[in-house]
Amino acid sequence: MTWFLIEALAPITEPMTIIAKDGQPREWSSIKRLDRDEGVDLIDTLDWVRRSGSHIQQVARGRTGQRRVEAVPIIGPDDDVYGIHLWIGEPHQATPLTRPAAGISWSLGELQINQRLESWMMSTDDADGFKRVRSPGEFFRKVVRFDHVSELIQLATNPKPDAMFATTITVLHDRGHLMNWQIVGRGRADERHTGMRGLTHDITDVAPAAIGPLETLGLATEPGEDAPAAALLAFPPTSPTPVIANWIGKVPAWIDWQREGDTELIHHDDWAGLCRTTVMLEAGLPDGEAVTSARIRAHTASGWQPVTITSRRYPGEVGSRLHIIRITKAD
């Protein structure tokens, strides 16, 4: 029936709160609401999971009958419980998969971010490349949009026990698609931790990733049936295939971008030319552009339309693997 995400980022003597319900962010709601809203008192059960770090499944009796309860701890890099996935459903109902979530920590003394493999695997398939300790630059190199980064920096550099942070960010997966992550954090200044503890939670399935930086404005405003298209083009590190990560605005009707069973949107002979633009558009040239001739799937006799693709780096470190492109019909 319902998945809840509960944060346990404060010291163990402090209460836990609900930060998401079925993927929808919540405003640090008290876990006492579970009794009121779901008819099940689970405070003792959740406290046991928090202290033991153990997964529990049980059938609990509530005001409206029996409920199947499953609580899955989210373990942080220091082996403390940072959060809990909580399922409340009918007794004979199968428990669906949880949304990906992971705990991370920031140490003020080391100025490094610590993570477990679960956090690393939220944006990659490369388990062999796992790094437990990463610099902030490494950790955020795949971030496409982070509107409230200054607030996070303030909390991380001046952690106060009562400080809280919550937002969503857009992240580029190594496969080339965009994800929407909920991020929550709490300041810590106690014997267990000085810095910040946080949770990342992939909610893309219920709230798709959004883009809207100034760099993309005006790219898809031209009217007409032959209008150019605009998109974000990703370059997965383990594949030679450039991938349209996200369309910007409406896709012109002349592009056949929803062909069933055929994922090759850009002609394979043009991949190498587009990949060369990642070298041409280096980080030191933020205003540079590269123009590439290519072919794209279209409603034509051959199934292809010659185009010119004008590329420029996406702002930030993620620009090494993500470009803003404009696709225009060639004469």
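For the sequence shown, position 28 (counting from the first letter as 1) is numbered 28 according to full-length UniProt numbering, and the numbering increases by one without interruption.
Note that CB positions come from ideal geometry on N, CA and C, so glycine has one too.
Distance CB(residue i)-CB(residue j) smaller than 8 Å
i	j	result
T277	S311	yes
Y82	A189	no
T200	A294	no
D202	M122	yes
G176	V251	no
A209	N158	no
I153	T167	no
S30	T13	no
E151	F130	no
I113	R134	yes
L233	H323	yes
Secondary structure of residue i, DSSP reduced to three states
i	result
V149	helix
R51	helix
F165	strand
F4	strand
I19	strand
G65	strand
L214	Only weak support is given to the placement of L214: the predicted model assigns it a pLDDT of 48, under 50, and the value that follows is read from those uncertain coordinates. Note: L214 maps to helix in three-state DSSP.
V40	coil
L97	coil
P252	coil
L9	coil
M196	strand
T124	coil
W106	strand
D270	helix
R312	strand
T241	coil
Rounded distance between the beta-carbons of residue j and residue i, thought under 8 Å
i	j	result
residue 365	K142	In this structure the chain extends from 1 to 331, so residue 365 is not present and cannot be described.
N186	M179	One point to set straight first is that residue 186 is Arg, not Asn, in the sequence displayed. Not really, about 23 Å apart at Cβ, beyond 8 Å.
I104	G249	I104 to G249, Cβ: 34 Å. No contact.
G53	P73	5 Å
E138	I88	About 38 Å; that fails the 8 Å criterion.
From the options, residue whose alpha carbon lies closest to that of residue i
i	options	result
V307	G316, G137, I255	I255
Q161	A290, E191, F146, I169	The sequence shown places Pro at residue 161, not Gln. When only C-alpha atoms are compared, the closest one is E191.
L281	R321, T300, S302, G249	R321
T45	E38, R36, D37, Q58	Q58
D174	P25, V318, W28, I12	V318
R63	R134, D35, E264	D35
I296	D269, Q93, G288, H85	D269
H148	E138, F4, T170	T170
G76	L42, Q115, P100	Q115
A156	L108, E138, W181	L108
A272	D80, A330, F235	F235
T300	I309, W257, D287	W257
Cβ contact (3+ pairs, closer than 8 Å) linking the stretch 46-55 and the stretch 224-235: Taking 8 Å as the limit for Cβ pairs, the verdict is that the stretch 224-235 does not touch the stretch 46-55.
Touch test, the stretch 14-24 against the stretch 52-71, Cβ-Cβ under 8 Å, three pairs minimum: no
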